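Enquirer:
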Amino acid sequence: MYPKQEVVAMLLAGGQGSRLGVLTRKIAKPAVPFGGKYRIIDFPLSNCVNSGIEAVGVLTQYQPLVLNEYIGNGQPWDLDSNSSGVRVLSPYEKIKGADWYSGTANAIYQNITYIDRYRPDYVVILSGDHIYKMDYSSMIAAHKANNADCTIAVIDVPMAEASRFGIMNTNPDGSIYEFEEKPEHPKSTNASMGIYVFSWDKLRKYLIEDEETEGSHHDFGKDILPKMLADGQRMFAYEFEGYWKDVGTIDSLWEANMDLLDPNVPLDLMEEGWKIYSRNPVVPPQYIAEGAEVQNSLIADGCSISGSVDFSVLFSNVVVKPGAVVQDSIIMPGSVIEEGAVVQYAIVSENTVIGKNAVVGARPETIVDKDQWGIAVIGDNLVIGEGVKIEPKAMISENVEGVK
Amino acid sequence: MRGNNIMGIIFSNLHEDLVSELTEVRIMGAVPFGGKYRLIDFPLSNMVNSGINKVGVITKSNYQSIMDHIGTGKAWDLSRKQGGLFMLPPFTNTNEYSNRVTTLNSIRPFLINSTEEYVVISDCDTICNIDYQDVCSKHLENNADITLVYKRDVIPAKLHDPAVFSFDTKGKVIDVLIDSNVTGSCSFYMNMMFIKRELLIELIDKCISKNTLNFKRDIIQGEYKNLNVYGYEFKGFSPVITSMSNYFNANMALMDPEVREDLFNSSRPIYTKVRDDMPTKYGLGSSVKNSLIANGCFIEGEVENCILFKGVHIGKGTKVSNCVIMQDTKIGTDSSLSYVIVDKDVVIKNERTLMGFLSYPVYISKGSVV
Numbered sequence: 001m002y003p004k005q006e007v008v009a010m011l012l013a014g015g016q017g018s019r020l021g022v023l024t025r026k027i028a029k030p031a032v033p034f035g036g037k038y039r040i041i042d043f044p045l046s047n048c049v050n051s052g053i054e055a056v057g058v059l060t061q062y063q064p065l066v067l068n069e070y071i072g073n074g075q076p077w078d079l080d081s082n083s084s085g086v087r088v089l090s091p092y093e094k095i096k097g098a099d100w101y102s103g104t105a106n107a108i109y110q111n112i113t114y115i116d117r118y119r120p121d122y123v124v125i126l127s128g129d130h131i132y133k134m135d136y137s138s139m140i141a142a143h144k145a146n147n148a149d150c151t152i153a154v155i156d157v158p159m160a161e162a163s164r165f166g167i168m169n170t171n172p173d174g175s176i177y178e179f180e181e182k183p184e185h186p187k188s189t190n191a192s193m194g195i196y197v198f199s200w201d202k203l204r205k206y207l208i209e210d211e212e213t214e215g216s217h218h219d220f221g222k223d224i225l226p227k228m229l230a231d232g233q234r235m236f237a238y239e240f241e242g243y244w245k246d247v248g249t250i251d252s253l254w255e256a257n258m259d260l261l262d263p264n265v266p267l268d269l270m271e272e273g274w275k276i277y278s279r280n281p282v283v284p285p286q287y288i289a290e291g292a293e294v295q296n297s298l299i300a301d302g303c304s305i306s307g308s309v310d311f312s313v314l315f316s317n318v319v320v321k322p323g324a325v326v327q328d329s330i331i332m333p334g335s336v337i338e339e340g341a342v343v344q345y346a347i348v349s350e351n352t353v354i355g356k357n358a359v360v361g362a363r364p365e366t367i368v369d370k371d372q373w374g375i376a377v378i379g380d381n382l383v384i385g386e387g388v389k390i391e392p393k394a395m396i397s398e399n400v401e402g403v404k
Numbered sequence: 001m002r003g004n005n006i007m008g009i010i011f012s013n014l015h016e017d018l019v020s021e022l023t024e025v026r027i028m029g030a031v032p033f034g035g036k037y038r039l040i041d042f043p044l045s046n047m048v049n050s051g052i053n054k055v056g057v058i059t060k061s062n063y064q065s066i067m068d069h070i071g072t073g074k075a076w077d078l079s080r081k082q083g084g085l086f087m088l089p090p091f092t093n094t095n096e097y098s099n100r101v102t103t104l105n106s107i108r109p110f111l112i113n114s115t116e117e118y119v120v121i122s123d124c125d126t127i128c129n130i131d132y133q134d135v136c137s138k139h140l141e142n143n144a145d146i147t148l149v150y151k152r153d154v155i156p157a158k159l160h161d162p163a164v165f166s167f168d169t170k171g172k173v174i175d176v177l178i179d180s181n182v183t184g185s186c187s188f189y190m191n192m193m194f195i196k197r198e199l200l201i202e203l204i205d206k207c208i209s210k211n212t213l214n215f216k217r218d219i220i221q222g223e224y225k226n227l228n229v230y231g232y233e234f235k236g237f238s239p240v241i242t243s244m245s246n247y248f249n250a251n252m253a254l255m256d257p258e259v260r261e262d263l264f265n266s267s268r269p270i271y272t273k274v275r276d277d278m279p280t281k282y283g284l285g286s287s288v289k290n291s292l293i294a295n296g297c298f299i300e301g302e303v304e305n306c307i308l309f310k311g312v313h314i315g316k317g318t319k320v321s322n323c324v325i326m327q328d329t330k331i332g333t334d335s336s337l338s339y340v341i342v343d344k345d346v347v348i349k350n351e352r353t354l355m356g357f358l359s360y361p362v363y364i365s366k367g368s369v370v
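First to last, the sequence lines map onto chains U and X.
Under the numbering used here, the letters of the first sequence match residues 1 to 404, in that order.
Under the numbering used here, the letters of the second sequence match residues 1 to 370, in that order.
#1: Count the other C-beta atoms from every protein chain shown that fall within 10 angstroms of the C-beta of X/Q64, then say buried if there are 16 or more, exposed otherwise.
#2: Just the chain B side, please: which residues come within less than 9 angstroms of U/M270 by C-beta, in chain order?
#3: Which two residues bound the contiguous alpha helix (DSSP H) that contains X/D398?
#4: Could you tell me whether the stretch 49–63 of chain X touches the stretch 129–142 of chain X, where touching means 3 or more Cβ pairs closer than 8 angstroms?
#5: Consider the Cβ of U/V388: report whether some Cβ of chain X lies at a distance smaller than 8 angstroms.
#6: Quick check on X/K210: buried or exposed, where buried means 16 or more other Cβ atoms within 10 Å of its Cβ?
#7: Could you check the C-alpha separation between U/N73 and U/N82 for me, to the nearest Å?
#8: What separation, rounded to the nearest whole angstrom, lies between the Cα atoms of X/S20 and X/T318?
#9: Verify whether the separation of the beta carbon atoms of U/P44 and U/L126 is less than 8 angstroms.
#10: At the 8 angstroms Cβ level, is U/G72 part of the contact set with chain X, yes or no?
#11: Consider the Cβ of X/L284: report whether some Cβ of chain U lies at a distance smaller than 8 angstroms.
#12: Flag this pair as yes or no: are the beta carbons of X/N142 and X/Y224 separated by less than 8 angstroms?
#13: Relative to the C-alpha of X/D17, which residue among X/A75, X/Y150, X/H160 and X/S45 is closest?
#14: Taking the C-alpha atoms as reference points, what is the distance between X/Y189 and X/N62?
#15: Are the CB atoms of X/I293 and U/P3 within a distance shorter than 8 angstroms?
#16: In the DSSP assignment, what are the bridge partners of U/Y287?
#17: Counting C-beta neighbours from all protein chains within 10 Å, is the total for U/A145 16 or more, i.e. buried, or is it exposed?
#18: Would you identify the three-state DSSP class for X/T272, choosing helix, strand or coil?
#19: Looking at the ligand MG, does it come within less than 7 angstroms of U/N257, judged from the CB to the closest heavy atom?
#20: Can you find a CB in chain X that lies within less than 8 angstroms of the CB of U/Q344?
#21: Beta carbons nearer than 8 angstroms to chain X: which residues of the stretch 275–286 of chain U have them?
#22: Quick one: residues in its chain with C-beta nearer than 6 angstroms to the C-beta of U/V49, no 5 flanking neighbours on either side, listed in chain order?
#23: If you draw a straight line from the alpha carbon of U/P120 to that of U/Y136, how long is it in whole angstroms?
#24: Would you kindly work out how many angstroms separate the C-alpha atoms of U/V66 and X/I70, rounded to a whole number?
#25: Opposite U/H130 in the DSSP bridges: which residues?
#26: Just checking: is the beta-carbon of X/L292 within a distance shorter than 8 angstroms of some beta-carbon in chain U?
#27: Roughly how many angstroms lie between the CA atoms of U/E214 and U/G36, to the nearest whole one?
#28: At what residues does the alpha helix (DSSP H) containing U/S137 begin and finish?
#29: Do U/V359 and U/V342 have their beta-carbon atoms positioned less than 8 angstroms apart in this structure?
#30: Quick one: give me the first and last residue of the alpha helix (DSSP H) that X/K138 is part of.
#31: Which word fits U/I40, buried or exposed, when buried means at least 16 other C-beta atoms lie within 10 angstroms of its C-beta?
#32: Identify whether U/F43 lies in helix, strand or coil by the three-state DSSP scheme.
#33: The alpha helix (DSSP H) spanning X/I10 covers which residue range?
#34: Considering only C-alpha positions, which residue in the set X/N246, X/I27 and X/K172 is nearest to X/N13?
#35: Distance check for U/M193 and U/M168, CA to CA, integer angstroms please.
#36: Can you tell me where the alpha helix (DSSP H) with U/N169 in it begins and where it stops?
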C-alpha cells in the first residue's frame with residue numbers, strides 16, 4: 001500500500017501551445033527552453049518540491065518525447081522517492097476502448113486511480129505554461145482555514161488587460177460569487193492563474209458527474225468550476241503577490257526571458273531554499289574571448305562568445321563568432337551565430353545556424369509601420385544562409401538558402 | 001554497451017605537499033580546477049568514458065570534501081547495481097596506507113573479489129582527457145603484461161620520484177631511471193598503469209613477502225626485465241600539478257581553444273557534481289575578456305584572463321585580471337586583483353588591492369575575509 005500523501009499535484013502538460021508556432025512543432029509547451037538553462041516545466045516542478053509536495057502527476061499528450069525524457073525519473077527535482085515522486089501520465093487504453101484526454105477535467109478523471117492510491121485530502125491542479133515561484137503550501141493552508149471545497153489562485157492584473165483572463169469576482173471574505181471567462185466589461189481585476197486546490201472527495205465526485213454529463217467540454221474553467229459555484233460549494237480566491245507570467249505567446253515568452261535581466265523584477269532563480277531546479281547539461285564553463293563584448297545578459301555554460309552580446313539570454317553551447325551581434329534576443333542551446341551576423345529582437349531555437357552576415361529581426365525604432373514589427377522566430381535545427389535577411393515578426397520553419 | 005572487463009583504481013590523496021595551500025582543507029582529488037571541476041573529475045570521467053563501470057577510489061584521511069563531491073557517484077553514472085563506485089578508506093588505521101604497495105595490499109579483498117580482467121590505476125594530479133580503450137587495445141596488440149602511460153616533455157620541477165623510460169623500436173620498456181638527473185625532454189611516467197588484475201595481485205604479494213615496498217622501484221623498475229612492459233605515449237594536454245605556479249598555469253592554459261577542445265572533448269565529456277546555478281549574469285557596464293566563467297556568477301566589474309568558478313560575484317568598479325577565483329567568492333566594489341588565486345567562500349571587501357606575479361601568484365585561503 002502506498003503511504004498517504006496529504007496533497008497530490010497534477011500538472012497539465014499536454015497542451016500543444018500552438019501560439020508558440022515553430023517553438024512547439026516538435027515539443028510540448030512545458031518543454032520549451034526558458035531562461036538560459038531551464039524548461040518551463042522546471043517552475044511548477046520546483047515549486048511543488050519546495051512546497052513540500054511529494055507526489056506529482058504530469059499529464060502529457062502532445063509531442064511527449066522530449067518532455068518524458070526531460071522529466072525522466074524526476075531525480076533533478078528530488079522527485080524520485082521510493083513510493084512517490086513524479087509520474088508521467090499519458091492517455092491509455094482501457095477495456096472499453098482508448099481515449100485521448102478530451103479536456104483538462106477529463107485528463108484528471110482518467111487518472112483518478114493514480115490519485116486515489118495516495119488517499120490525498122487535497123489535489124492541486126497546475127499548468128505547465130507559467131513562470132513564477134509560489135509556495136503552494138500557503139495556498140493549501142488558506143484552503144483549509146476557509147474550509148473551502150475549491151480555492152483558485154488569483155493575481156491582480158491591470159484593468160486594461162483583465163478582459164484577457166478568467167476573472168473571479170469575490171465577496172469581502174474572499175469567497176467567489178461569480179466567475180467570468182474573458183469578460184468584455186470586467187467587474188474586478190482578480191485574474192485566475194490556472195492554479196486550483198480542491199478537496200479531493202469533492203473534486204472526485206464532480207469529475208465523475210461531469211464525465212457523465214452530455215455536452216460537457218470536460219474542462220475545469222468551462223464546466224467543473226461553474227458547476228461547483230452553481231451548486232453553492234465553498235469556493236475561495238487566494239491572492240498571489242509576486243512575479244507571474246503566462247508564456248503562451250511569442251511576445252510573452254520573450255518578455256519573461258528579458259525580465260530575468262531586469263534587476264527590479266522579483267524573480268530570483270537561485271534563492272537559497274527556493275531554487276529552480278533543472279537537468280544540467282554536461283558542458284565546460286562558458287568562454288568569453290578577447291574581442292567579445294557582453295553586457296546585460298544571461299549566459300549559460302558551454303557557450304563560446306567572441307562577438308557582441310547585449311540584453312540577451314544565451315542557452316548552453318551557443319557560439320557567437322567574431323563580429324556577430326546579438327541584441328535583445330534569446331538563443332536556445334547549440335545554435336551558432338556566424339561572423340558578421342546580426343540578430344535583434346529574435347528567438348532562435350535549438351541547434352540552428354545563422355549564416356555569415358545574415359540579419360535576423362530588427363529594432364522597433366528602425367521600423368516605420370509598427371504593425372510590421374515583432375519578434376522574429378527561427379525554428380530548431382535550421383540553417384539560415386549567408387547574407388539572408390529575416391524580417392521582424394517572421395516565423396521560419398525551413399532552411400533559407402544564402403544569398404551569393 | 002556497458003562494462004568492458006576493466007576496473008579502475010584512483011589514488012585520490014597523493015603529492016599534496018606540493019600544493020600545501022590548496023590541500024590544507026582538502027585532499028588532492030578535491031582540489032578545484034577549471035571553473036567547475038575537482039581534480040578527481042578527470043580520472044573518474046576518463047574511466048567512465050572508456051567504458052569502465054567499476055571504480056575504487058583510494059583515500060587515506062581528511063576525505064570529507066571528496067565524499068561530499070562524489071556522493072553516490074551518480075554524476076559519473078557510477079551509482080550502479082553492478083560495479084559502480086567504491087570508496088576505499090583505510091580499514092583500521094592510516095599506517096597501512098603509507099605507500100602505494102601497502103595501500104594496494106590493504107585493498108586486496110576488493111581486487112580479489114572483482115571479476116574484471118584488467119585494472120587501470122591513476123592518480124589525480126595529472127589533468128587530461130585520455131581514452132583507456134585505446135590504451136587497452138595497444139596493450140593487447142603488444143601482448144603486454146603492463147602498459148605504462150607516459151608523456152614526452154621536460155619533467156616538471158619538484159615532481160616526486162619521476163620515472164623516465166627508454167624503449168626499443170616496438171615501444172617495449174628497456175630501461176627505467178628513477179629520480180635521475182635527466183634534463184630536457186624525456187619520456188616520463190604519468191602514474192597511470194594498465195595491468196592484468198591477477199598480475200597486479202601477484203606483484204603486490206611478492207613485494208609484501210619480500211618487504212620491498214616501493215611501487216616504482218620494486219614493481220616497475222624491478223620487474224620490467226622479467227615482464228612484457230610497454231609504454232603508451234599520451235600526446236594531449238596533460239599538465240601535472242606540482243606547484244602553485246604550475247597549478248595557476250594549468251588553469252590559464254584553458255583559455256586556448258585547442259586545449260579546451262582536447263580536455264573537454266564533447267564525445268568524452270568531463271562530469272562533475274551538479275549544482276543548480278542559474279546562468280551567469282553580466283551586468284550593465286561589465287566587461288569580460290578572455291575568461292572562462294562558470295554558471296551562477298554575477299559580474300558587474302571588469303574581468304580579464306580569469307577563471308571564475310560557480311557563484312562568484314565581481315562588484316562594480318572592480319577589476320580582476322589573471323586570477324583564479326573559486327566558488328562563491330564575493331569581491332566588492334572598486335577593488336583590484338592581479339595574479340591572485342582566491343579559494344572558495346572568500347569575501348574581498350570594497351577598495352582592496354591584491355597583486356601577485358606570474359611566477360608567484362598570491363593565494364587567499366578558503367573562507368578568508370580581506
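By construction, the Cβ of each residue, glycine as well, lies at the ideal position given by its N, Cα and C atoms.
None of the values given here were measured: they were computed from a predicted structure.
Expert: On the basis of the supplied data:
#1: Exposed is the call here.
#2: Chain labels in this structure do not include chain B; the protein chains are U and X.
#3: No information on residue 398 of chain X is available, as it lies outside the stretch 1 to 370 that chain X covers here.
#4: Per the Cβ contact rule, the stretch 49–63 of chain X is in contact with the stretch 129–142 of chain X (3 or more Cβ pairs under 8 angstroms).
#5: Chain X contact via Cβ: absent.
#6: Burial call: exposed.
#7: Distance from the CA of U/N73 to the CA of U/N82, rounded to the nearest whole angstrom, comes to 11 angstroms.
#8: Near 29 angstroms, if we compare the C-alpha coordinates of X/T318 and X/S20.
#9: Annotated as proximal: U/P44 and U/L126, with beta-carbon spacing under 8 angstroms.
#10: Put simply, the CB of U/G72 is far from chain X, with every gap to its CB atoms at 8 angstroms or more.
#11: Residue contact check for X/L284 against chain U: a CB pair falls below 8 angstroms.
#12: No; because the gap between Cβ atoms is not below 8 angstroms, this pair is not in contact.
#13: Comparing Cα positions, the closest option is X/H160.
#14: Straight across, the Cα-Cα distance linking X/Y189 with X/N62 is about 27 angstroms.
#15: No, they are not a contact pair.
#16: Under DSSP, the beta-bridge partners assigned to U/Y287 are U/S304 and X/L292.
#17: Exposed is the label assigned to U/A145, since fewer than 16 other Cβ atoms lie within 10 Å of its Cβ.
#18: Coil.
#19: Among the ligands in the structure shown, none appear at all, so the ligand MG cannot be discussed.
#20: No, no contact with chain X.
#21: Hits within the stretch, in order: K275, I276, Y277, S278, N280, V282, V283, P284, P285 and Q286.
#22: Take U/V49, set aside five residues on each side of it, and the residues of its chain with a beta-carbon closer than 6 angstroms to its own are W77 and D78, in chain order.
#23: Rounded to whole angstroms, U/P120 to U/Y136 spans 15 angstroms at the Cα level.
#24: The C-alpha of X/I70 is placed about 28 angstroms away from the C-alpha of U/V66.
#25: Its beta-bridge partners are U/D246.
#26: Contact with chain U is found for X/L292, since one of that chain's Cβ atoms lies less than 8 angstroms from the residue's Cβ.
#27: Here the C-alpha atom of U/E214 lies approximately 45 angstroms from the C-alpha atom of U/G36.
#28: Unbroken alpha helix (DSSP H) run through U/S137: Y136 to A145.
#29: The answer is yes: Cβ separation under 8 angstroms.
#30: Going by DSSP, X/K138 is part of the alpha helix (DSSP H) stretching over Y132 to E141.
#31: Buried, since its Cβ has 16 or more Cβ neighbours within 10 Å.
#32: The three-state secondary structure of U/F43, taken from DSSP, is helix.
#33: First-last for X/I10: I6 to F11, but that is the beta strand (DSSP E), not the alpha helix (DSSP H).
#34: Checking every option, the nearest Cα to that of X/N13 belongs to X/I27.
#35: Answer to the nearest angstrom: the Cα atoms are 10 angstroms apart.
#36: Counting along the chain, no alpha helix (DSSP H) covers U/N169; the unbroken beta strand (DSSP E) around it starts and ends at G166 to T170.
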